[in-house]
Structures are given as C-alpha cells and as structure tokens.
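S.K.:
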Amino acid sequence: MTAPPVVAAPAAPPVDRERGRRRARRRNLGSALLFLSPWLVGFAVFTAWPLIYSVYLSLTDYDVINDPNFVGADNYVELFNDPKIALALGNTLFFTIVQVPLYVLVSLLLALLLNRAGRSAGFFRTVFFLPKMTPPVAVGILFLLLFNGQNGLFNTVLGWFGIDGPSWTTDAAWVKPGLIIMSLWTVGASVIILLAALQAVPDELYDSAKLDGAGFWRQSLSITVPMISPAIFFIVVVNTIAALQTFDEAYTAFFGAGNTTYSNDAALFYVIYLFQQAFEFLHMGYASAMAWVLFALIMVVTAIQILVSRRVVYYEGDDRA
1 MTAPPVVAAP AAPPVDRERG RRRARRRNLG SALLFLSPWL VGFAVFTAWP
51 LIYSVYLSLT DYDVINDPNF VGADNYVELF NDPKIALALG NTLFFTIVQV
101 PLYVLVSLLL ALLLNRAGRS AGFFRTVFFL PKMTPPVAVG ILFLLLFNGQ
151 NGLFNTVLGW FGIDGPSWTT DAAWVKPGLI IMSLWTVGAS VIILLAALQA
201 VPDELYDSAK LDGAGFWRQS LSITVPMISP AIFFIVVVNT IAALQTFDEA
251 YTAFFGAGNT TYSNDAALFY VIYLFQQAFE FLHMGYASAM AWVLFALIMV
301 VTAIQILVSR RVVYYEGDDR A
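Encoded structure:
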C-alpha cells in the first residue's frame, strides 16, 4: 500500500510576505527603542539639552542669580581681549604638545618590556594599571608631596646623583614640567592597549625579517610600529583631548582651598580658568563661550590628526601603497 503524496502548502503571496517582514521590523525596532529608552532619555536630559542651552547662554550675560541678558557675540569678542585667555591657552597648548608625545613614548616602552615579560606579564599589567585608579584629587596632593622643593621625594632622589632639584611647585618655569612628569603616573591604561596590539602582531613577520638580517631597530621601525599604529593613533587622539581639558590635578595642587602660595599663573590651564569664570565669578555666559571655543579647538586638532593618520597609520587589509 503506497503512502499518499505529500502536498506542499501554498506559498504566501509576495505582498503578505512583505507585510510580515515589515511587522517583524517594527517589532524589532520597538523592542530596541524600549531597551535604549533609559539611555536616550538620559542623553536628551543630561547631554543634548545642556549642550543646546549652553549655546544660548554663550550669547548672554548670565550670573545664575538674574535672568540671562542677551548680548549677542560680545562674549566671544571679549575672549580675544582677555589676557588671561592667552595665558591659559598657552599653558594648555604647551602642556599638550610636550605631554602627549612623552606619554605615548613611555607607554610604548613599558608595553615593549611587558611583551617580553613572559608569565609575569599579568602581574605587571596590574601593577601598571593600579595608579590609573587613583582619584585625580589624590594625585594633585601627591604632586605637592613628591615635588616639594625642600624635602620632596623627587628632589631627594635627584640629590643621590648629585643633582640639585628645582622648586617644582614655586618656580613658574618648572610648574608645567612637574605636572607633565606627574601625568605619567597614569600611563597604565595606554600600556595595556599597546601590549594587546603588540601581542596581535604575527610572529611570521619577525621571522621573515630575521631571515633577511633585520636587527631589533629595523624590526621595530618596519614591523612593530606600523602594525600597532592604529593603537598608537587612538592613544594620541584620546590623550590629546584629555590634555586640552587638563583640570583636576593642577586645580587641586595650585588652586584648591583658596591656595595662593604657589605660582598659580604657571598652572592656569584653560579649563581651570573656565571653571573660575563659571563657578567663582558666576560669569556663566562667558564661561559657556569659552567652552564652545575649546570644543572648536578640540575638533580642529582632532580633524588634523585624522587627516595626518591617513598617511602614517596602517590598517590590516589596507590597499594603499
């Protein structure tokens, strides 16, 4: 006895299938928006709206107590006539230009050492990263203790080698170099990023280079640096943005608690002056204009870095010559 033939169910019309796909997409979109809604609400309330409102405040004379008084572009004009702006911007640019390359170089050297550490690399990764967990306020206080010109640990160590250390906290010429050195305290995160990039470089490239007679420096310049250049570029961009917004450590060390003992002008960074205008002098409109000028500066600097990266950063699978 033969089994009856199986009759396939008639296929749904194309119009019905398209309607079903649309309903499924709407359901997926609704579910996604539902899960994203806490972040979307938080972004709108705590980020988007303050940004938009700060644009308006930058065009007003606002002291928090009285209603904003619209003054147009007067705040931006005043920025170009304020000598403190030039001082703060100069301090910030000097700090950024010196600190970022030094930060990247130290991070890379430590990552290269960790890459050769073998089994102990995990322990040293933790050791290098722990200072990153130190609160910035504590780092600012630590700066005053370590770099005290009279009995600070840094000058004590220099004295062991017969070097008379400078007055890091009172000599205006040494305030920014001291802060730059202190900023290297937190290289741990960058070290871990670079270490991960180094460990992803194929060993076959080094083996081929050794067969061709390439030494350590040739391998580093021709293989290591190009292969990890995306990680280096990321660290450069992120730390440039952070350096242009330097605030916590310098403010704690030189401006906190009404401190007037040290060379404040040498440590007056742009964001510190912005903070003073906003919360000490209550010039909220002027401070908002300062914030948007800083935002524009960061955007320009980042855009330049991205343009330069197209020539110097190598990505795997890149077809450029």
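Sequential numbering from 1 applies to the sequence shown in the UniProt record's numbering.
For glycine and all other residues, C-beta sits at the position ideal for the given N, C-alpha and C.
(1) Given that a residue counts as buried once 16 or more other Cβ atoms are within 10 Å of its Cβ, and exposed if not, what is E249?
(2) What does the alpha-carbon distance come out to for the pair residue 327 and S37?
(3) With distances taken Cα to Cα, identify the nearest neighbour of Y76 among L87, S58, A253 and K84.
(4) Just the Cα atoms here: how many angstroms apart are V191 and L108?
(5) Using 10 angstroms around the beta-carbon of N151, count the other beta-carbons present and answer buried if the total reaches 16, otherwise exposed.
(6) Can you give the Cα-Cα distance for W168 and S31, rounded to whole angstroms?
(7) Give the straight-line distance between the Cα atoms of Y286 and L145, rounded to the nearest whole angstrom.
(8) Helix, strand or coil for F216, going by three-state DSSP, please let me know.
(9) Going by CA-CA distance only, name the one from V237, S120 and Y103 that's closest to Q305.
(10) Hey, which unbroken runs of the beta strand (DSSP E) at 3 residues or more fall wholly within the region 60-146?
(11) Find out if the Cβ-Cβ distance for the pair W185, V139 is shorter than 8 Å.
(12) Which residues in the same chain have their Cβ closer than 8 Å to the Cβ of K84, if we skip the five residues on either side of it in sequence?
(13) If you follow the alpha helix (DSSP H) that I298 is part of, which residue opens it and which one closes it?
(14) How is T261 classed by DSSP in three states: helix, strand or coil?
(15) For T47, count neighbouring Cβ atoms within 10 angstroms of its own Cβ and tell me buried if that reaches 16, exposed if not.
(16) Taking buried to mean at least 16 other C-beta atoms within 10 Å of its own C-beta, is V293 buried or exposed?
(17) Starting from I223, trace the alpha helix (DSSP H) in both directions and tell me its first and last residue.
(18) Nearest-angstrom Cα distance between S309 and N239?
(19) Taking its Cβ as the centre, do 16 or more other Cβ atoms sit within 10 Å of A44, making it buried, or is it exposed?
(20) Can we say the region 160-167 touches the region 117-131, given the rule of at least three CB pairs closer than 8 Å?
(21) Taking the alpha carbon of I223 as the point to measure from, which residue in E18, Y56, Y206 and V100 has its own alpha carbon closest?
(22) When burial is assigned at 16 or more other CB atoms within 10 Å of the CB, is N81 buried or exposed?
(23) Got a sec? Which residues, its chain only, sit under 7 Å from V64 by beta carbon, not counting five neighbours each side?
(24) Would you tell me roughly how many angstroms separate the C-alpha atoms of A172 and D265, rounded to the nearest one?
(25) CA-CA distance, L153 and L142?
(26) Which ranges would you report for the alpha helix (DSSP H) in the region 162-195 if only whole runs of at least 4 residues count?
(27) Roughly how many angstroms lie between the CA atoms of V271 and A189, to the nearest whole one?
(28) By how many angstroms is the C-alpha of R19 removed from the C-alpha of I241?
(29) Mark T261 as exposed unless 16 or more other C-beta atoms lie within 10 angstroms of its C-beta, in which case mark it buried.
(30) Can you name the start and end residues of the alpha helix (DSSP H) that Y206 belongs to?
(31) Would you check if the distance between the CB atom of S229 and the CB atom of V106 is smaller than 8 Å?
(32) Let me know if R125 comes out buried or exposed under the rule of 16 or more other beta-carbons within 10 Å of its beta-carbon.
(33) Can you list, in chain order, the residues of its chain whose CB lies under 7 Å from that of V100, leaving out five sequence neighbours each side?
(34) So, helix, strand or coil for F247, using DSSP?
M.R.: Well, looking at it:
(1) Translated into positions along the sequence shown, residue 249 becomes position 249. Classification of E249: buried, given that the 10 Å Cβ count is 16 or more.
(2) In the structure as shown, the chain starts at 1 and stops at 321, and residue 327 therefore has no counterpart that could be examined.
(3) Position 76 of the sequence shown, counted from the first residue, corresponds to residue 76. Ranked by Cα distance from Y76, the first of L87, S58, A253 and K84 is S58.
(4) On the sequence shown, residue 191 is found 191 positions in, with the first residue counted as 1. On the sequence shown, residue 108 is found 108 positions in, with the first residue counted as 1. Their Cα atoms are separated by approximately 7 Å.
(5) Indexing the sequence shown from 1 puts residue 151 at position 151. Exposed: under 16 other Cβ atoms inside 10 Å.
(6) If you number the sequence shown from 1, residue 168 lands on position 168. If you number the sequence shown from 1, residue 31 lands on position 31. Cα to Cα, the separation comes out at about 57 Å.
(7) The sequence position of residue 286 within the sequence shown is 286, counting from 1. The sequence position of residue 145 within the sequence shown is 145, counting from 1. Near 35 Å, if we compare the C-alpha coordinates of L145 and Y286.
(8) What you label residue 216 is simply residue 216 of the sequence shown in a count that begins at 1. Reduced to three states, the DSSP call for F216 is helix.
(9) As a first step, residue 305 must be located in the sequence shown, where it is residue number 305. Looking at the Cα atoms, V237 is the closest of the given residues.
(10) Counting whole runs of 3 or more residues, the region 60-146 contains no beta strand (DSSP E) stretch at all.
(11) In the sequence shown, counting from the first residue as 1, residue 185 sits at position 185. In the sequence shown, counting from the first residue as 1, residue 139 sits at position 139. The beta carbons of W185 and V139 sit closer together than 8 Å.
(12) Here residue 84 corresponds to residue number 84 of the sequence shown, with the count starting at 1. Same-chain partners within the cutoff: L268 and Y273.
(13) Translated into the one-based positions of the sequence shown, residue 298 becomes position 298. M284 to V312 is the extent of the alpha helix (DSSP H) around I298.
(14) Residue mapping note: residue 261 aligns to position 261 of the sequence shown, counting from 1. Note that T261 scores a pLDDT of 49, beneath 50, so its modelled location is shaky; the value from the coordinates is reported in the next line. Coil, per DSSP.
(15) The sequence position of residue 47 within the sequence shown is 47, counting from 1. Under this definition T47 is an exposed residue.
(16) Taking the first residue of the sequence shown as 1, we reach residue 293 at position 293. If you draw a 10 Å sphere on the C-beta of V293, you find 16 or more other C-beta atoms in it, and that means buried.
(17) The residue you call residue 223 lines up with position 223 of the sequence shown. Where I223 is concerned, there is no enclosing alpha helix (DSSP H), because DSSP gives it neither an H nor an E.
(18) Taking the first residue of the sequence shown as position 1, residue 309 is located at position 309. Taking the first residue of the sequence shown as position 1, residue 239 is located at position 239. Taking the straight line joining both Cα atoms gives about 15 Å.
(19) Residue numbering aside, residue 44 sits at position 44 when the sequence shown is read from its first letter. By the Cβ neighbour-count rule, A44 is exposed, with fewer than 16 other Cβ atoms within 10 Å of its own.
(20) Here the region 160-167 makes no contact with the region 117-131; the two share fewer than three CB pairs at distances below 8 Å.
(21) Indexing the sequence shown from 1 puts residue 223 at position 223. For I223, the nearest C-alpha among the options comes from Y206.
(22) Along the sequence shown, one-based indexing puts residue 81 at 81. Residue burial annotation: N81 is exposed, with fewer than 16 other C-beta atoms found within 10 angstroms of its C-beta.
(23) Locating residue 64 in the sequence shown gives position 64, where the first residue counts as 1. Cβ neighbours of V64 within its own chain (closer than 7 Å, five residues either side excluded): L282 and M284.
(24) Along the sequence shown, read from residue 1 onward, the residue named residue 172 stands at position 172. Along the sequence shown, read from residue 1 onward, the residue named residue 265 stands at position 265. In a straight line, the C-alpha of A172 is about 8 Å away from that of D265.
(25) For the purposes of this step, residue 153 is taken as the residue at position 153 of the sequence shown. For the purposes of this step, residue 142 is taken as the residue at position 142 of the sequence shown. Pairing L153 with L142, the inter-Cα distance amounts to about 10 Å.
(26) Along the region 162-195, the alpha helix (DSSP H) occurs as fully enclosed runs of 4 or more residues at 172-183, listed in sequence order.
(27) Against the sequence shown, residue 271 aligns to sequence position 271. Against the sequence shown, residue 189 aligns to sequence position 189. Using only the alpha carbons, I get a separation of about 23 Å.
(28) For this step, residue 241 is matched to residue 241 along the sequence shown. For this step, residue 19 is matched to residue 19 along the sequence shown. When only Cα atoms are considered, I241 and R19 end up about 48 Å apart.
(29) Along the sequence shown, one-based indexing puts residue 261 at 261. Low per-residue confidence applies at T261: pLDDT is 49, beneath 50, and the placement is therefore not dependable, though the value from the model is reported in the following sentence. Exposed: under 16 other Cβ atoms inside 10 Å.
(30) As a working mapping, residue 206 is identified with position 206 in the sequence shown. For Y206, the uninterrupted alpha helix (DSSP H) segment begins and ends at D203 to L211.
(31) Along the sequence shown, read from residue 1 onward, the residue named residue 229 stands at position 229. Along the sequence shown, read from residue 1 onward, the residue named residue 106 stands at position 106. Contact check for S229 against V106 fails: the beta carbons are separated by 8 Å or more.
(32) Along the sequence shown, read from residue 1 onward, the residue named residue 125 stands at position 125. Flag for R125 reads buried.
(33) Here residue 100 is taken as the residue at index 100 of the sequence shown, counted from 1. Result list for V100: V236, N239, T240 and A243, in chain order.
(34) Start at 1 with the first residue of the sequence shown, and residue 247 comes out as number 247. In this structure, F247 counts as coil in the three-state DSSP scheme.
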